[in-house]
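Here the sequence shown is numbered in numbering that gives the first Met the number 0, starting from 0 and rising by one per residue.
Beneath this line is the structure, given in structure tokens, with notes to follow.
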Amino acid sequence: MSRKTKIWLITAASFILLGCIIFGGAMTVLKWDFTKLSTVKYETNRYEIDESYKNISIVTDTADVVFMPSEGLMTSVVCYEFKNAKHSVEVKDDTLVVRVADTRKWYEHIGIYFGSPKVTVYIPQGEYGELLIKGDTGSVEIPEFLKFKSIDVSESTGSVTNYASASEDIKIKTSTGAVCVENVSANSLDLCVSTGKVTVFSVTCGDVKVNVSTGKTEFTDIKCKNVVSGGSTGDILLKNVIAAQTLSVVRSTGDVKLEGCDAADMSLKTSTGSVKGSLLSDKVFITQTDTGSIDVPKTATGGKCEINTDTGDIKISVLD
């Protein structure tokens with residue numbers, strides 16, 4: 000190594016060491032609170048609602064949305080928000096409307112962010128009409144102490160967790176983010192995810208429809224009329240899923256696994272992936288695979304179970 004190269008390396012290391020010392024000193028003064036490095040200013044605003052309403056509509060950009068039980072009969076909306084991207088809160092046409100008014104210029108979106116905006120709705124327990132939530136980046140959590148006529152949630156990037164039942168439909172759509180639905184009942188459940196995991200646990204409803212482009216899907220303890228799941232890439236696990244009429248699963252790449260499932264008619268199709276598991280009743284099996292083994296009961300009777308895979312094994316048993 001030349002003398003010139005050594006000098007450059009020593010100089011570079013010295014600057015790095017100096018930078019670490021300056022950073023450590025600055026953070027010590029700030030008591031290692033990284034949020035103080037944020038170039039974005041937040042504020043907390045509280046809105047008290049004394050008007051009655053039936054429906055709820057929340058439209059935001061980057062805020063998380065959370066529901067909490069109120070102590071009395073009043074509704075309060077607490078917004079932890081950007082100073083120049085505040086939310087308006089009002090009751091209009093029998094609807095509690097929360098909407099962001101982002102007045103920032105494009106260059107004001109550039110900066111150092113620590114923390115994230117949050118909309119917390121303190122609401123009395125009970126039954127409500129339509130719930131509509133639309134957001135770009137942020138998570139949504141809907142608790143079990145609420146019940147709605149219908150639920151419609153749309154997020155671009157963010158997870159959605161729903162524990163609330165609906166007398167009619169539950170629709171949840173995300174581009175990137177996990178979706179979890181647990182312990183609910185509804186007339187229909189419609190979930191659509193581009194990239195993310197889908198978990199459905201302990202659900203009773205009419206029709207269940209789940210579409211996943213990329214991500215794992217898990218169904219557990221489902222009782223319904225029909226189950227239809229389509230997807231491109233990702234495994235799917237169905238455990239104790241009972242459909243009165245049809246159970247249909249389509250995957251391009253991914254395994255299909257069933258544990259104690261049943262339906263009057265079943266259709267399981269994959270391009271690259273195995274189909275394995277157990278059913279609760281006999282079926283007339285119609286199977287096809289280009290590359291892979293087939294192991295199904297040969298003398299079964301009952302409803303039809305059609306299984307097709309291009310590359311993968313087929314192995315199904317019927318529980319006693």
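Idealized CB from N, CA, C, for every residue including glycine.
For clarity, every value in this text was computed on a predicted model and none was experimentally measured.
Check, Outcome
"Expressed to the nearest angstrom, what Euclidean distance is found between the alpha-carbon atoms of G291 and Y162?", "40 Å"
"Contact defined as beta carbons within less than 8 Å: I believe I171 pairs with V183. What is the distance between those atoms, to the nearest angstrom?", "That belief does not hold up - the Cβ atoms of I171 and V183 are roughly 11 Å apart, past 8 Å."
"Report the residue from G302, T271, G276 whose alpha carbon sits nearest the alpha carbon of D289.", "T271"
"Reducing DSSP to helix, strand and coil, say where T300 ends up.", "coil"
"Use the C-beta contact count for P68: other C-beta atoms within 10 angstroms, 16 or more gives buried, fewer gives exposed.", "exposed"
"Count the other CB atoms, across all protein chains shown, that sit within 10 Å of the CB of D63; report buried if there are 16 or more and exposed otherwise.", "buried"
"Out of curiosity, what's the CA-to-CA distance linking K256 and T245?", "17 Å"
"So who's on the other strand from T61, going by DSSP bridges?", "Note: T61 sits in no beta bridge, so no partner."
"Could you tell me how far apart the beta carbons of D321 and D60 are, in whole angstroms, since I believe they sit closer than 8 Å?", "One cannot answer for residue 321 here, as it falls past the ends of the chain, which runs 0 to 319."
"Ignore the nearest five residues each way along the sequence and tell me which others in S166's own chain have a CB closer than 6 Å to its CB.", "K148"
"Tell me which residues share the same chain as E181 and place their Cβ nearer than 7 Å to its Cβ, disregarding the 5 neighbours each side in the sequence.", "Y162, F200, S201"
"Which residues in the same chain have their Cβ closer than 6 Å to the Cβ of A309, if we skip the five residues on either side of it in sequence?", "Reading off the sequence shown, one finds Asp at residue 309, where the question assumed Ala. Answer for D309: S270, D289, listed in chain order."
"For a cutoff of 7 Å on Cβ pairs, would you count K224 as touching chain C?", "The structure shown contains no chain C; it is built from a single protein chain."
"Between the alpha carbons of T156 and G195, how many angstroms are there, rounded?", "10 Å"
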